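Participant: One structure, as structure tokens, below. Some questions next.
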Amino acid sequence: MPRENYEKYFKILEISPDASLFEIKHAYLRLKKLYSTESPVIAPIAEEFPKKRRREILKEIEEAYSKIIALLENEQESVYDEEPSVSGEIPEEGKPESLSFSGPVLRQIRERLGIQLHEVALDTKIRVEHLENIENERYETLPPEPYLKGHIKTFASFLLLNPTKVAEDYLKRYREWKEEHSSE
Amino acid sequence: MDSPKKEREGEIWAIGGGKGGTGKTFVTSCMGTYLAQKENRVVLIDVDIGGANLHSFFGINRPGKSLTNFFENGSPLQELTVKTGIDNMQLITGDVDSIASDSIKFSQKLKLFRHIMKLNAQYVLIDLGGGSHNNTLDAFLMADKMIAVLVPEMIAIENMYHFIKNALFRKVRMSLRSYGFREIVEHVWERRKQYGIKNLKELIEWLRRSFSYIGDILDRELADFKIYLILNKVRSPEDIFIGASMKSALLKFLGINIDFVGYIEYDDSVWRSIRNQQPFMLHYSSSRCTEEIEDFTENLVQGREIKLLRA
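Quick look at the structure:
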């Protein structure tokens, strides 16, 4: 479904329909916090602005967020359909499951979502250099595997991907590279 | 109240917001300076009657003429302007020592507004005092752009709600009164328990529902009821988002549109310039605060909001 049909959901989250994933997440978390706590903005009007009404607002926010995220996930699937061979592998029938998550694939997905690396860094607390090295598969610069795995999983969930699947794919290539180089 | 807004060339901006000490006068002096630097003819009016001090933000002495001359002797407004030391910008001070502001008659007030609208300027900036007095609210409501200055503190937020609620209530009352419904708003509000009305938004909805012609009037009169919000003395990124939160809460709570246009960081250079009576924008022209002020003044001119997340 095109984004225009989701206008009311974007309106509830107080963002424009061309908002990036980062903006969407940020708006969702901010509004959720605003209406679920006695923040300094709500406290002075708490009496006239009953909890019941605020609960309704929270419900609308949750609904809007899940609808928008579902929309983005659909858009992502079409990313695989359009260019299934970014990683150099040819997936069967262009299904997401058959795609291997390499660095360039992660970058492409991120760019499709309209997210800048520094925005990922801000939200995930992973340094921009690390993210850049992950996307460019500069294996020699990456941190030890346990840390790398953590980073990949965090990055993947930020991009709304399955973290376990992404980490498996990415680390498989990483290990192959490592083996090649340790035998030298 | 009639608002012949469209026929004039210039724009009137009123700067209010409820609490004293949030930086209304500082913001007014800086926005005026920026607009004047951009080759606009600017007149600043200090209507903080009793507490007028806008002149000291330009390091000038208490002028010998003020709005007193307008109210007592009927001097034309244009003749009461004094130089600010900045090209293109003049000032009218509101230092009305001899008359308490309460004694200004409604007709005098309307006359003042008519004269303000006739001033030969592209931008007239009105610095309102603190509080939610009717004179303050009326000056706020007559402006083309209603600007509120807030600091990110609970008490200031509370005062701003109070101020905005009062402004909206007065706007609704005066709009209906000008169509001949003299006491209807007061009447319904006094019996709000009986009608199951809990707040101002519900009062307005009730009025709309009950009388379709009142709905039409309110649609017309409230269509451009928008408040432009500026945050001052911001100390953290979280503080900045208070602007966005106020926008959200006021829309959902009162049904009022807010444009969050920008903020000024907390900076020692601001109080230093005020203490030394130096025009801030000239003495700290490369300060971050100056840039922030320029940005939101430009946003006000263009009628757009601040972009918070995108670089």
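In order, the protein sequence lines correspond to chains A and B.
So the first sequence is numbered by numbering that gives the first Met the number 0: it starts at 0 and just counts up by one.
So the second sequence is numbered by numbering that gives the first Met the number 0: it starts at 0 and just counts up by one.
Think of the CB as a built atom: it goes at the ideal place given N, C-alpha and C, for glycine as much as any other residue.
Source: prediction; values computed, not measured.
1) Can you give me, in chain order, the residues of the stretch 144-177 of chain B that have a beta carbon less than 7 Å from any beta carbon in chain A?
2) Taking Cβ-Cβ distances shorter than 8 Å, what residues in chain B pair up with LEU33 (chain A)?
3) Which chain B residues sit within Cβ distance under 7 Å of VAL104 (chain A)?
4) So that I know if they touch, is there some Cβ in chain B lying closer than 8 Å to that of PHE48 (chain A)?
5) Which class does ILE146 (chain B) belong to by DSSP, given the choice of helix, strand or coil?
6) Residues of chain B with CB under 9 Å from ALA42 (chain A), in chain order?
7) So which residues of chain B does ARG29 (chain A) contact, with C-beta pairs closer than 8 Å?
8) Apart from the five residues just before and just after CYS29 (chain B), which ones in its own chain have a Cβ nearer than 7 Å to its Cβ?
9) DSSP state of GLN36 (chain B), grouped into three classes?
10) For ILE89 (chain A) and SER99 (chain A), I'd like the C-alpha separation in whole angstroms.
11) Any beta carbon from chain A within less than 8 Å of ASN231 (chain B)'s own beta carbon?
12) In the DSSP assignment, the beta strand (DSSP E) including ALA13 (chain B) goes from what residue to what residue?
13) Taking only beta carbons into account, state which residues of the stretch 188-204 of chain B come closer than 7 Å to chain A, listed in chain order.
14) Flag PHE259 (chain B) as yes if its beta-carbon sits less than 8 Å from any beta-carbon of chain E, otherwise no.
15) Measure the Cβ-Cβ separation of HIS161 (chain B) and SER131 (chain B) and say whether it is below 8 Å.
16) Tell me which residue opens and which closes the alpha helix (DSSP H) that GLY242 (chain B) is part of.
17) Is it buried or exposed, ILE125 (chain B), if we count other Cβ atoms within 10 angstroms and call 16 or more buried?
18) In angstroms, rounded to a whole number, what distance separates the CA positions of GLU118 (chain A) and LYS108 (chain B)?
19) Which of the three DSSP states, helix, strand or coil, is assigned to LYS152 (chain A)?
20) Below 8 Å, how does it come out for the stretch 49-67 of chain B and the stretch 20-35 of chain B: are there three or more Cβ pairs, yes or no?
21) Per DSSP, what kind of secondary structure is LEU116 (chain A) in: helix, strand or coil?
22) Taking DSSP as the reference, what is the three-state secondary structure of PHE100 (chain A)?
23) Roughly how many whole angstroms lie between the Cα atoms of GLY73 (chain B) and MET141 (chain B)?
24) Here's a check: name, in chain order, each residue in its chain whose Cβ is nearer than 8 Å to the Cβ of THR80 (chain B), leaving out the five neighbours to either side.
25) Kindly say whether SER15 (chain A), judged by its beta-carbon, lies nearer than 8 Å to any beta-carbon of chain B.
26) Closest to VAL165 (chain A) by C-alpha separation, out of A:VAL127, A:PRO143, A:ARG106, would be which residue?
27) Just to make sure I have the definition right: I need the residues of chain B whose C-beta is within less than 9 Å of the C-beta of ILE68 (chain A). Which are they?
28) So the candidates are B:GLU304, B:GLY9, B:VAL46; which of them puts its Cα closest to the Cα of ASN119 (chain B)?
29) So which residues on chain A does LYS251 (chain B) lean against when the C-beta distance must stay under 7 Å?
30) Should ASN60 (chain B) go down as buried or exposed, given a rule of 16 or more other Cβ atoms within 10 Å for buried?
31) Could you check if SER65 (chain B) is buried or exposed, using at least 16 other CB atoms within 10 Å of its CB as the buried criterion?
32) Can you check which of these residues, B:ASN298, B:GLU189, B:ILE44, is closest to LYS82 (chain B) by C-alpha distance?
33) Considering only residues of the same chain and omitting the five flanking positions on each side of ILE305 (chain B), which have a CB-CB separation below 8 Å?
34) DSSP three-state label for ILE305 (chain B), please.
35) Comparing alpha-carbon positions, which option in B:VAL269, B:GLN276, B:GLN77, B:ALA13 lies nearest GLY31 (chain B)?
36) With three or more beta-carbon pairs closer than 8 Å as the criterion, would you say the stretch 188-201 of chain B touches the stretch 212-229 of chain B?
Facilitator: Inspection of the coordinates gives the following:
1) MET153, ILE156, GLU157, TYR160
2) SER244, SER247, ALA248
3) Those within 7 Å of VAL104 (chain A) in chain B number zero; the least Cβ separation is about 25 Å.
4) yes
5) strand
6) MET153, ILE156, GLU157
7) PHE240, ALA243, SER244
8) PHE279, MET280, ILE292
9) helix
10) In this prediction, ILE89 (chain A) has a pLDDT of 40, which is less than 50 and means its spatial position is unreliable; what the coordinates show is noted afterwards. So the alpha carbons of these two residues sit roughly 9 Å apart.
11) no
12) 10-15
13) LYS197, ASN198
14) No chain E is part of this structure, whose protein chains are labelled A and B.
15) yes
16) 236-253
17) buried
18) 52 Å
19) helix
20) yes
21) helix
22) coil
23) 21 Å
24) VAL42, GLN89, LEU90, ILE91
25) no
26) A:ARG106
27) Under the 9 Å cutoff, chain B gives no residues; its nearest Cβ is about 18 Å from ILE68 (chain A).
28) B:GLY9
29) ILE56
30) exposed
31) buried
32) B:ILE44
33) GLY242, PHE259, VAL260, GLY261, TYR262, ASP294, PHE295, ASN298
34) coil
35) B:ALA13
36) no
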